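Participant: Sharing a structure here in structure tokens format.
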Amino acid sequence: MAARRLSERSDLRRRTGGRSERRRILVVTEGTKTEPSYLQGLCAYLRQTGVRVCGVYVRGEGRDPERVVKKAALETGDGRLVGGRDGFESVWCVFDVDEHRTLQTGIRAAARHGFHTVVSNPCFEIWLLWHYEDCRRSIDSTELRRRLRRYGIDKAVPKDFLFARTTVASGRAGNTTGVIPANPGTGMAALVHHIMGDAPARPR
121 MAARRLSERS
131 DLRRRTGGRS
141 ERRRILVVTE
151 GTKTEPSYLQ
161 GLCAYLRQTG
171 VRVCGVYVRG
181 EGRDPERVVK
191 KAALETGDGR
201 LVGGRDGFES
211 VWCVFDVDEH
221 RTLQTGIRAA
231 ARHGFHTVVS
241 NPCFEIWLLW
251 HYEDCRRSID
261 STELRRRLRR
271 YGIDKAVPKD
281 FLFARTTVAS
291 GRAGNTTGVI
301 PANPGTGMAA
311 LVHHIMGDAP
321 ARPR
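Note that this note's numbering has the sequence shown beginning at 121, numbered continuously upward.
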């Protein structure tokens, strides 16, 4: 077990490079606790292991996909602050499928502004679960959260979360095809790799 943890930490360290933390990205999420606490914890963990990550600015909107995009637009002057020297390199809107009727509307609005979208099916928590166990069968959000509670994960992501298993979670997520992945699925790996600086922003 100790050898595996060492291997996982070393795997993350291999992502170090000459990229500067001056890169800035904006991430706007539906959740106000789980997603922001995960992203903040991930960045803190990566810096401790020597990985140079970009500056990540997280906003938890706590609303539906359409409102998430509106928040991102407000933060970036309708997209004018994306790509500029003093603005954000990229903007990412993080959605859940769940039962949102505005999902497609949110995706189209994000595309119009030039924002990236990360969609999780049924919800963001599938990405967290894949750090601990595999899951291949269709699952609902209630069952997902029940499983996560077995690992001490509720609304906020704890400090002892297995961030070292990011590469394991990415492998379980696989190559997500399409904007809306099948259940279970998520596009979180693309955002995480972009934060780590070892992959360019994917096409929107």
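Here a beta-carbon is modelled for each residue, glycine too, at the ideal position from N, C-alpha and C. Just so we're clear, the structure is a prediction, and the values are computed from it rather than from any experiment.
Could you check how far apart the C-beta atoms of Trp-247 and Met-308 are, in whole angstroms? I think they sit under 8 Å.
Facilitator: Counted from its first residue, the sequence shown places residue 247 at position 127. Counted from its first residue, the sequence shown places residue 308 at position 188. Confirmed, about 4 Å.
Participant: Alpha carbon to alpha carbon, how far is Gly-199 from Val-238?
Facilitator: Stepping through the sequence shown from its first residue, residue 199 is reached at position 79. Stepping through the sequence shown from its first residue, residue 238 is reached at position 118. Distance between the alpha carbons of Gly-199 and Val-238: 17 Å.
Participant: Give a yes or no on whether the C-beta atoms belonging to Phe-244 and Tyr-165 are separated by under 8 Å.
Facilitator: Locating residue 244 in the sequence shown gives position 124, where the first residue counts as 1. Locating residue 165 in the sequence shown gives position 45, where the first residue counts as 1. Against a cut-off of 8 Å, the Cβ pair of Tyr-165 and Phe-244 comes out as no contact.
Participant: Since Tyr-177 sits in a beta bridge, which residues does DSSP pair it with?
Facilitator: Within the sequence shown, the letter at position 57 stands for residue 177. Tyr-177 pairs with Leu-146.
Participant: If we ignore side chains and look at the alpha-carbon of each, how far apart do Ser-258 and Pro-242 end up?
Facilitator: Here residue 258 corresponds to residue number 138 of the sequence shown, with the count starting at 1. Here residue 242 corresponds to residue number 122 of the sequence shown, with the count starting at 1. Their backbone Cα atoms lie some 9 Å apart in a straight line.
Participant: Can you say whether Gly-234 is buried or exposed, counting buried as having 16 or more other CB atoms within 10 angstroms of its CB?
Facilitator: Indexing the sequence shown from 1 puts residue 234 at position 114. Looking at its Cβ environment, which holds fewer than 16 other Cβ atoms inside 10 Å, Gly-234 is exposed.
Participant: Quick check: the region 172-191 against the region 270-277, are at least 3 beta-carbon pairs closer than 8 Å?
Facilitator: Contact fails: fewer than three Cβ-Cβ distances are below 8 Å.
Participant: Can you grab the Cα-Cα spacing for the pair Pro-304 / Thr-196, in whole Å?
Facilitator: The count along the sequence shown starts at 1 and reaches residue 304 at position 184. The count along the sequence shown starts at 1 and reaches residue 196 at position 76. Each residue's alpha carbon lies about 32 Å from the other.
Participant: Judging by CA-CA distance, which residue of Val-288, Tyr-158, Pro-185, Val-171 is the nearest neighbour of Tyr-177?
Facilitator: For the purposes of this step, residue 177 is taken as the residue at position 57 of the sequence shown. Residue Tyr-158 is the option with its Cα nearest to Tyr-177.
Participant: By DSSP, does His-220 sit in helix, in strand, or in coil?
Facilitator: Along the sequence shown, one-based indexing puts residue 220 at 100. Three-state DSSP puts His-220 in coil, outside helix and strand.
Participant: Thinking Thr-406 and Ser-240 are a contact (beta carbons under 8 Å), I'd like their distance in whole angstroms, please.
Facilitator: The question about residue 406 has no answer, for the chain in this structure spans 121 to 324.
Participant: Taking the C-alpha atoms as reference points, what is the distance between Cys-174 and Tyr-252?
Facilitator: For this step, residue 174 is matched to residue 54 along the sequence shown. For this step, residue 252 is matched to residue 132 along the sequence shown. If I take the Cα positions, the gap works out to 26 Å.
Participant: What is the C-beta distance between Ala-229 and Val-202, in whole angstroms, given that I count them as a contact (C-beta under 8 Å)?
Facilitator: The sequence position of residue 229 within the sequence shown is 109, counting from 1. The sequence position of residue 202 within the sequence shown is 82, counting from 1. Not a contact, Cβ separation roughly 14 Å.
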